[in-house]
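For reference, the structure is listed below as structure tokens.
Residue numbers (the working numbering): 186 to 516.
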């Protein structure tokens, strides 16, 4: 056989060898770069430790005490003093607990009222009022100088007997049956011509079924002022008033806090994260006491206290993460 006849075979053998070598290099490189995580046996649950301290820290009375302390700071919306006071309390507790305290500053967009004015005969009515959540991304804003109208209690008699609503401000008492054709739909009140819509409850704001207030928020950016007011507003039904409201989204600087409780030796590769939100979401952005959110924070602080006697027995780090921008997702 002539030598030239072997060239295709030799060429094929050569390319096969090159392909095999490249494949081997790629496989080795892949296995080297993406090494599987070494198996670590789970840390057995310790059943012999003294649970007394933790049980005392999480006792209902202790949790209630911490919850009341947080609640005493007031509304905790971004940009409000109550949120700053709660942040300072958490920072102090973390440091007193011997934690490494790290802070992360962020800006969150949140709608707060810049102007809230309700007057009759040039004098404030002295009634607490709070804007409802923005319609989509449109907060409620009256024209400059406000709107003037008669506070009209919405019920069957008043609505049926009225001939014009453009000079009136609707007052809805949730203690009474809703006028069926209107319900709590702001678009219906706007279509009738009401200058604005005020919702209250004769028995007090704590009697309002808060899920009802979801009806005050529309999914379209309609600039229509919707408020919740203290029940004393009912005593002013029939009066001519001036209402001026301006709510705006503003960037608010907030702080996320991270407290690190190190396991002995400082070389733990594992961590337990205990998270909470210390701000609060509310159907009324300016009135955000948020007991559910406060309960998270209270439990986090009680867990910190309950873990203190066991720091020398920790098998992993414990991270106490508390954030302050969650309310932005609900407005």
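Glycine included, every Cβ here is placed at the ideal spot set by N, Cα and C.
Between residue 301 and residue 426, the CB-CB gap reaches or exceeds 8 Å.
Burial of residue 512 is indicated by the presence of at least 16 other C-beta atoms within 10 angstroms of its C-beta.
From the listed residues 297, 284 and 245, the smallest Cα separation to residue 468 is found for 297. Of the candidates 315, 196, 359 and 371, the residue whose Cα lies closest to the Cα of residue 403 is 371. It is roughly 49 Å from the alpha-carbon of residue 248 to the alpha-carbon of residue 344. By the 16-neighbour rule on beta-carbons within 10 angstroms, residue 320 is buried. Of all C-beta pairs linking the stretch 480 to 487 to the stretch 226 to 237, fewer than three are shorter than 8 Å, placing the two stretches out of contact. One alpha carbon belongs to residue 476, the other to residue 271, and they sit about 13 Å apart.
With at least 16 other beta carbons inside 10 angstroms of its own, residue 354 counts as buried. In this structure residue 350 is buried. Its beta-carbon is surrounded by 16 or more other beta-carbon atoms within 10 angstroms.
With fewer than 16 other CB atoms across the displayed protein chains lying within 10 angstroms of its CB, residue 405 is exposed.
Taken in chain order, the complete alpha helix (DSSP H) segments of 4 or more residues contained in the stretch 453 to 495 are 476 to 492. Secondary structure at residue 220: coil, using DSSP grouped into helix, strand and coil. When the Cα atoms are used, residue 416 and residue 308 turn out to be separated by approximately 19 Å. Comparing C-alpha distances from residue 275 to each of 382, 483 and 496 shows the shortest one belongs to 483. If only uninterrupted alpha helix (DSSP H) runs of at least 4 residues are considered, those enclosed by the stretch 365 to 402 are 371 to 377. Of the candidates 381, 324 and 262, 262 places its Cα closest to the Cα of residue 509. Within the same chain, 427 come within 6 Å of residue 333 by CB-CB distance, once the 5 residues on both sides are set aside. Apart from sequence neighbours up to five positions away, the residues of its chain that approach residue 431 with a beta-carbon distance below 6 Å are 299, 300 and 326, ordered along the chain. Take the alpha-carbon of residue 197 and the one of residue 223: they are about 41 Å apart.
Under the 8 Å Cβ criterion, the stretch 193 to 209 does not count as touching the stretch 449 to 459, having fewer than three qualifying pairs.
Contact check for residue 459 against residue 503 passes: the beta carbons are separated by less than 8 Å. Listed in chain order, the non-local C-beta contacts of residue 251 below 7 Å within the same chain comprise 483, 486 and 487, local neighbours out to five positions each way being set aside.
When the five nearest sequence neighbours on each side are left out, the beta carbons in the same chain lying within less than 6 Å of the beta carbon of residue 357 are those of 339 and 384, in order along the chain. Counting the other CB atoms within 10 Å of its CB gives residue 260 a total of 16 or more, which places it among the buried residues. When rounded, the separation of the alpha-carbon atoms in residue 240 and residue 306 is 59 Å. In this structure, residue 295 sits away from residue 463, with a CB-CB distance that is not shorter than 8 Å. Taken atom to atom, the span from the alpha-carbon of residue 411 to that of residue 342 is near 22 Å.
If you check the CB distance, residue 284 and residue 505 come in under 8 Å. DSSP places residue 288 within a strand segment (E or B) once states are collapsed to three. In the three-state reduction of the DSSP assignment, residue 358 falls in the strand class. In the DSSP assignment, residue 334 falls outside any alpha helix (DSSP H) and lies within the beta strand (DSSP E) extending over 332 to 338. For residue 419, no alpha helix (DSSP H) encloses it, and the DSSP letter there is neither H nor E. For residue 315, same chain residues with a beta-carbon under 6 Å away, outside a window of 5 residues either side, are 413, 469, 471 and 472 in chain order.
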